[in-house]
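Engineer:
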């Protein structure tokens, strides 16, 4: 496949117009005292609508999306974002709703939230779910605040200060633990999975909870999960489910059945809401009977045929954001759920796991697979043997971009040398998987020189990330006011390994 | 005669999954399998679940019909004379904005970790950061946080990283949701949030109370908002930094207001956060929103969130990349400055597109026009007996506070609703056990407010107050 991305050399937007250094002050707003008034106008270009539309349309043409290319980032579940969801989220009955509208004027939205929360509680095997978190990490953090409340009530917060997690955990897990006031402690994995003996040895009366994603980031199902849950609970600790990888187990098992006490999900992964170039996402908190009282307020409740926001939950952690959650995305997720139904969700998991095993099987001819062959929705390869040719995983990733396909997650999980983490979700057809595999084969067989030079077919050549960090230039103001860094010497920049 | 073979993954293939005849069998065959269940043999039997009771899947037409049935039970604010506001502003959005946000190269992309494949979004985010720097008068901005409240929470944590102490000061007038979010951010590191009372006449911060709090020591930061939780402007804000000395000052500012107000960086703010949804993003019942965050250069490495930097490619041509990632969770793990991963990129794109479509003069002009509408309404409401409007003797822009001397705010708003007026929102803290000392309503003006809407508000308010008089 021959591919060339658009290359517009589009300047930053302020270069499209001549912007005065000191724009005239805006006309005074009556009643606003002199000392609060802006003394000069905002320094920003004045452009016609067409100029603005062209500028951003050109930028969009220099961006990969799921709609342009397979996007097999591990742990990111880059599945097709159904167009019907976009249509529905733009209806006035969804978009033109203010969160402070009287309940009588938002009964449909409240019912949608109520239905989706109940469906997600069923899917996760939990007592209750809340849609308030804006994203997955936000949900982790809120869940750990709930754990804090619960431990405080048991009088054990002073003692239980440790959060345990496997060394394959997403970076958000330890970061959330630290923000919630716990100390994060990593447990080394064996063969890509939790080492039960090491976990048992680490558990103590200082353990607040164990955070786990299952299947884990190596794509492996933690088959000892019931024993893990038993060990965690006998130590008096709680078990936390990171739902980033839920896609693999939809309708087959559930966090609740596996013994988890509290979970977060990412609607922008499993439930197909768009990733938006990095966000917005939508998170879900799901909690067992024991932890549900701590969920954020307000909770939507049904009384007869009416829905109400209930604030009187004395044990609740309170609010974690303004509003009730990212409703615009919740609605998209609900459309996905309705379209699939129960059997459809199970089909999603089956096909995602089938796609992943198929692609893993095909690519294992090219690179080593560090763990057992049976994987779930994603799999990990090691690019270590590329080193013999003086090539790194990063070069392979850049060369893949030249094929018009997005690169997998690289250099994560960190327990695998030169790792690639690949997740081909259920919405990729066999033809697309084969195309990706062929692109992969072409890329890996290319000469080391070509791999080092890649990419060549995109809007830019390899980007100098080291320089970006060494000489931070982070805004137009920086470009205007700080001295330009020394000219690059023309050698190929040694990009640092990007992370998931 | 052989009947149709059973499909290996289930009889009904969901709409968005490929179902070419023989495809699933082919994939299984390549793996040497006949049953997909073999791929799940690693899940213990005891961990399997049975039926969930979620119902059958639906055709796309049925999905549309079902969701439309739900949405028809909503009454969008556009059907009312609408005066709702606060941090979330139901303002007009130019059609060109949604056209750009609907470019699926933007909205179906992931975080731009492969910069060569994502220059479009990276450049747009660099422009977004630049705009927030220009509006705030600060040095560096990040590529967005979840919303204004969580941005304030991250600002609290940054203050603690750059200054000693256990107490964080906030205005007692801050919206209750933000108070609650800030209390949550303070919980982990064992910090406390202390409310500074307002002056009963102006609603502004009691600066003497700020002095007393600072003198008693242990304060690591303070947040003030512009406009404040009452919708008014605090004239004392420019004096605040001199009272705090080295204690960092966070200003939570409305971006539209900043088109006509002195940038907080000019009067000593160390961090400026804000809610950016009002720049053309529909409220969508409260989300997605947009957390804005900027700080002084010296605090850059302690600051949260993704940042885009300008650099060059291998040919020395301008290019953009995520940078300073060693602050972030995926590299630094438990020592990261924040746990944030997914942010609000698409909404940040919307913010800079909106501001550019409207233009800097257009933004200031919009704020001035909305302010005029707010003043017309306030003076009309002030003429009604039993209503204090504006409640506070302080300047204001597009929103202000009304206080009822009789009846309850919720009842008043309900009576207005029945006359097709969304008259604002009650400011009381609904959390159990919180004081409820007055019946205050925040009222805001948008482009949709015209003379007819204002007259309807005034008529409805008079009737509502009279009805309370009769029932009392």
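Protein chains in written order, with our numbering: chain A, 1011 to 1510; chain B, 10 to 481. Yeah, the Cβ is synthetic: ideal placement off N, Cα and C, and Gly gets one too.
Just the C-alpha distance for residue 302(B) and residue 284(B), rounded to the nearest angstrom, thanks.
Structural biologist: Roughly 9 Å between the two C-alpha positions.
Engineer: So that I know if they touch, is there some Cβ in chain A lying closer than 8 Å to that of residue 231(B)?
Structural biologist: Output row for residue 231(B): interface = no.
Engineer: Pull up the CB-CB distance for residue 1023(A) and residue 143(B), whole angstroms please, since I reckon it's below 8 Å.
Structural biologist: Not confirmed; about 12 Å, so no contact.
Engineer: If I measure Cβ to Cβ from residue 116(B) and keep anything under 6 Å in the same chain, skipping five residues before and after, which residues do I get?
Structural biologist: Once the five neighbours on either side are set aside, the close Cβ partners of residue 116(B) are 355.
Engineer: If we ignore side chains and look at the alpha-carbon of each, how far apart do residue 1424(A) and residue 349(B) end up?
Structural biologist: If you take the alpha carbons of residue 1424(A) and residue 349(B), they lie about 20 Å apart.
Engineer: With distances taken between CB atoms, is the gap from residue 1141(A) to residue 1338(A) smaller than 8 Å?
Structural biologist: Not a contact, by the Cβ cut-off of 8 Å.
Engineer: Below 8 Å on the Cβ atoms is my contact criterion, and I expect residue 1181(A) with residue 60(B) to pass it. Report the Cβ-Cβ distance as a whole number of Å.
Structural biologist: Not really, about 36 Å apart at Cβ, beyond 8 Å.
Engineer: Please report how far the alpha carbon of residue 1143(A) lies from the alpha carbon of residue 1116(A), in whole angstroms.
Structural biologist: Taking the straight line from one Cα to the other gives about 20 Å.
Engineer: Roughly how many angstroms lie between the CA atoms of residue 1362(A) and residue 1254(A), to the nearest whole one?
Structural biologist: Spanning the two alpha carbons is a distance of roughly 14 Å.
Engineer: Please list the residues of the stretch 31-61 of chain B that have a C-beta atom closer than 8 Å to any C-beta atom in chain A, keeping them in chain order.
Structural biologist: Taking 8 Å as the Cβ-Cβ cut-off against chain A, the residues of the stretch 31-61 of chain B that qualify are 32, 33, 35, 36, 37, 39, 40, 45, 48, 49, 50, 51, 52, 53, 55, 56, 57, 58, 60, 61.
Engineer: So is residue 25(B) in contact with chain A if we call contact Cβ pairs under 8 Å?
Structural biologist: Chain A contact via Cβ: present.
Engineer: Quick check: the Cα distance between residue 475(B) and residue 395(B), rounded to an integer number of angstroms?
Structural biologist: Those two C-alpha atoms are separated by around 9 Å.
Engineer: Please return the same chain residues whose Cβ sits closer than 8 Å to the Cβ of residue 1379(A), not counting the five positions on each side in sequence.
Structural biologist: Contacts found: 1370, 1389, 1390, 1391, 1392.
Engineer: Using a C-beta cutoff of 8 Å, does residue 1255(A) count as contacting chain B?
Structural biologist: Not one chain B Cβ lies under 8 Å of residue 1255(A).
Engineer: Using the C-alpha atoms, what's the distance from residue 1449(A) back to residue 13(B)?
Structural biologist: With a pLDDT of 47 at residue 13(B), under the threshold of 50, the predicted position of this residue should be treated as unreliable, though the coordinate-derived value follows. Looking at the two C-alpha atoms, the distance is approximately 35 Å.
Engineer: With the cut-off set at 8 Å, would you say residue 1333(A) and residue 298(B) are in Cβ contact?
Structural biologist: Against a cut-off of 8 Å, the Cβ pair of residue 298(B) and residue 1333(A) comes out as a contact.
Engineer: Quick one: grab the DSSP three-state call for residue 1456(A).
Structural biologist: In the structure shown, residue 1456(A) sits in coil (DSSP, three-state: anything other than H, G, I, E or B).
Engineer: Identify whether residue 397(B) lies in helix, strand or coil by the three-state DSSP scheme.
Structural biologist: Residue 397(B) falls in the strand class under three-state DSSP.
Engineer: Measure the Cβ-Cβ separation of residue 546(B) and residue 1037(A) and say whether it is below 8 Å.
Structural biologist: In the structure displayed, chain B extends from 10 to 481; residue 546(B) sits before or after that span and is not available.
Engineer: Our contact map puts residue 450(B) next to residue 418(B) with C-beta atoms below 8 Å; I'd like the distance itself, whole angstroms only.
Structural biologist: 5 Å between Cβ atoms; contact.
Engineer: For a cutoff of 8 Å on Cβ pairs, would you count residue 1124(A) as touching chain B?
Structural biologist: Not an interface residue.
Engineer: Using three-state DSSP, classify residue 263(B) as helix, strand or coil.
Structural biologist: In the structure shown, residue 263(B) sits in coil (DSSP, three-state: anything other than H, G, I, E or B).
Engineer: Which residues in chain B have a C-beta closer than 7 Å to the C-beta of residue 1367(A)? List them in chain order.
Structural biologist: Result: 40, 48.
Engineer: Exposed or buried, which one is residue 1200(A) when buried takes at least 16 other CB atoms within 10 Å?
Structural biologist: The residue is exposed, with fewer than 16 neighbouring Cβ atoms inside 10 Å.
Engineer: Mind checking the stretch 116-134 of chain B against chain A and listing, in chain order, the residues whose C-beta falls within less than 9 Å of any C-beta there?
Structural biologist: The residues in question are 116, 117, 118, 119, 120, 121, 122, 123, 124, 125, 126, 127, 128, 129, 130, 131, 132, 133, 134.
Engineer: Output yes or no for whether 8 Å exceeds the beta carbon distance between residue 363(B) and residue 1108(A).
Structural biologist: No, Cβ-Cβ distance for residue 363(B) and residue 1108(A) is not below 8 Å.
Engineer: Roughly how many angstroms separate the alpha carbons of residue 1455(A) and residue 1015(A), rounded to a whole number?
Structural biologist: For residue 1455(A) and residue 1015(A), the distance between alpha carbons rounds to 22 Å.
Engineer: Helix, strand or coil for residue 463(B) per DSSP?
Structural biologist: Residue state, collapsed to three classes: helix.
Engineer: Pull up the DSSP beta-bridge partners for residue 1316(A), would you.
Structural biologist: Paired residues: 1313(A).
Engineer: What residue from 1137(A), 1356(A), 1106(A), 1213(A) has the CA that sits closest to residue 99(B)'s CA?
Structural biologist: Checking every option, the nearest Cα to that of residue 99(B) belongs to 1106(A).
Engineer: Residue 1303(A): which of 1139(A), 1134(A), 1041(A) sits nearest, CA to CA?
Structural biologist: Nearest of 1139(A), 1134(A), 1041(A) to residue 1303(A), Cα basis: 1139(A).
Engineer: Assign residue 1093(A) to buried or exposed, taking buried as 16 or more other Cβ atoms, counted over all protein chains shown, within 10 Å of its Cβ.
Structural biologist: Result: exposed.
Engineer: Okay, do the stretch 1467-1476 of chain A and the stretch 124-132 of chain B touch, 3+ Cβ pairs below 8 Å being the bar?
Structural biologist: Touching, yes.
Engineer: Among 1439(A), 1418(A), 1466(A), 1483(A), which residue has its Cα nearest to the Cα of residue 121(B)?
Structural biologist: Considering only alpha carbons, the answer is 1418(A).
Engineer: Hey, how far is the Cα of residue 1404(A) from the Cα of residue 322(B)?
Structural biologist: Distance between the alpha carbons of residue 1404(A) and residue 322(B): 16 Å.
Engineer: Taking Cβ positions only, does residue 1509(A) come closer than 8 Å to chain B?
Structural biologist: For residue 1509(A), the pLDDT reaches just 45, beneath the cut-off of 50, and the residue's location in the model is therefore unreliable, although a value from the coordinates is still provided. Yes, because at least one Cβ of chain B sits closer than 8 Å to the Cβ of residue 1509(A).
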